[in-house]
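Chemist:
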Amino acid sequence: MPGTPIKLLWSREEDMQHGKYHPVTQCKLTGAFDADDNLVALHYRLSGQSILFSVRPEALQNGMDPAAFQGVAQSGEAAIGYSVPNLLVEHSMRNPHVPPGFWRGVNVNHNAIYMECFMDELAQAVGQDPLEFRRKLMGKNPKHLAVLNAVAEKIGWGTPAPQGVYRGIAQVMGYGSYVAGAAEISVTDGSKIKVHRIVASTDPGYVVNPAQVERQIAGSFVYGLSALFYGGCTV
């Protein structure tokens with residue numbers, strides 16, 4: 001009937017078949033210490049899909065995807081927050097038949113997880129506090145350090161956590177915005193995770209509407225948690 005609005009919906013099967021997915025990636029990281037347990041070398045080797053290759057091939061630079069290095073680049077608006085004397089970051093582009101698309105926090109989300117989890121592993125390897133281990137590497141990156149210090153203070157990092165509660169901390173910068181988070185969690189029955197509290201800090205530069213930024217940050221944590229605990233798609 002002319003003038004009557006109608007609603008068109010893909011079935012779940014159509015959505016799975018024709019939708020786009022977050023790029024599949026994997027990463028191998030290697031670090032080296034000197035005799036005083038200082039991190040002196042870091043090799044970050046990322047393999048995975050390129051969104052730009054799929055949707056904007058003209059944006060590739062010499063056949064490479066510059067967006068793949070969000071959060072781990074050596075300089076610019078995607079720079080890594082750690083100063084390591086010997087740093088090598090590599091990306092091997094592999095594009096299977098499953099089409100990738102833009103997902104909230106494009107590229108920076110998996111890079112942040114890979115890097116920050118490895119920072120915790122490195123700190124544990126030399127018996128150092130995860131926060132202090134990071135701080136020692138961030139003297140030349142004051143904005144990265146500022147957001148990290150802010151969440152450490154708000155979460156009470158220097159005070160004991162409640163019994164059975166564990167704390168974690170992380171930071172990253174992507175697309176020119178600096179973000180850090182700290183969380184308190186507990187684990188029951190060996191696998192059930194409860195998130196008690198999350199503290200976030202961000203420096204996105206000049207802000208026109210602070211409420212918008214606050215909602216973006218809060219929403220990003222909820223979005224990330226839902227993907228971590230509940231999201232999944234078997235293709």
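Going by UniProt numbering, the letters in the sequence shown line up with residues 1 to 235, in that order.
Every residue, glycine too, gets a C-beta built ideally from N, C-alpha and C.
Let's test the definition: count the other Cβ atoms within 10 Å of the Cβ of I193 and tell me whether it reaches 16, buried, or not, exposed.
Modeler: Burial state of I193 is exposed, judged by a 10 Å Cβ sphere holding fewer than 16 other Cβ atoms.
Chemist: How many angstroms separate the CA atom of G19 from the CA atom of R104?
Modeler: 15 angstroms
Chemist: Can you tell me which residues form a DSSP beta bridge with C117?
Modeler: None; C117 has no bridge partner.
Chemist: Candidates A35, G71, L39 and V89: which alpha carbon is nearest Y178's?
Modeler: Ranking the options by Cα distance to Y178, first place goes to G71.
Chemist: Is it right to say V208 is buried, meaning 16 or more other beta carbons lie within 10 angstroms of its own, or is it exposed?
Modeler: exposed
Chemist: Based on the DSSP secondary-structure assignment, which residues constitute the bridge partners of L88?
Modeler: L88 is bridged to H43.
Chemist: By how many angstroms is the C-alpha of S220 removed from the C-alpha of Q163?
Modeler: 28 angstroms
Chemist: What does a CB cutoff of less than 8 angstroms around V40 pick up in its chain, not counting 5 residues either side in sequence?
Modeler: A32, F33, D34, V84, P85 and N86
Chemist: So what does DSSP say about I193, is it helix, strand or coil?
Modeler: I193: strand per DSSP, three-state reduction.
Chemist: Which of the three DSSP states is assigned to M1 in this structure?
Modeler: coil
Chemist: What is the rounded straight-line gap between the Cα of L137 and the Cα of G81?
Modeler: The straight-line gap from Cα to Cα measures roughly 8 angstroms.
Chemist: Going by beta carbon distance, what residues of the same chain come within less than 6 angstroms of G174, once the five residues before and after it are set aside?
Modeler: The answer, listed in chain order, is Q70, G71, A78 and V108.
Chemist: Flag this pair as yes or no: are the beta carbons of I169 and L131 separated by less than 8 angstroms?
Modeler: It is a contact, given that the beta carbons lie within the stated cut-off.
Chemist: Going by CA-CA distance only, name the one from D15, G231 and A200 that's closest to H144.
Modeler: A200
Chemist: Applying the criterion that 16 or more other CB atoms from any shown protein chain within 10 Å of the CB defines a buried residue, is G48 buried or exposed?
Modeler: buried
Chemist: Suppose you measure from the CA of A152 to the CA of A161; what does that come to, to the nearest Å?
Modeler: 12 angstroms
Chemist: Whose CA, out of P210, Q61, A182 and E214, lies closest to the CA of A150?
Modeler: A182
Chemist: What is the DSSP secondary structure of L60, counted as helix, strand or coil?
Modeler: coil
Chemist: For L148, tell me which candidate among H110, Q171, I217 and V195 has the shortest Cα-Cα distance.
Modeler: Q171
Chemist: Tell me where the beta strand (DSSP E) around M16 begins and ends.
Modeler: Careful: M16 lies outside any beta strand (DSSP E), inside the alpha helix (DSSP H) at R12 to H18.
Chemist: Since K140 is in the beta strand (DSSP E), which residue starts that stretch and which ends it?
Modeler: Note, K140: premise wrong, no beta strand (DSSP E); not H, not E.
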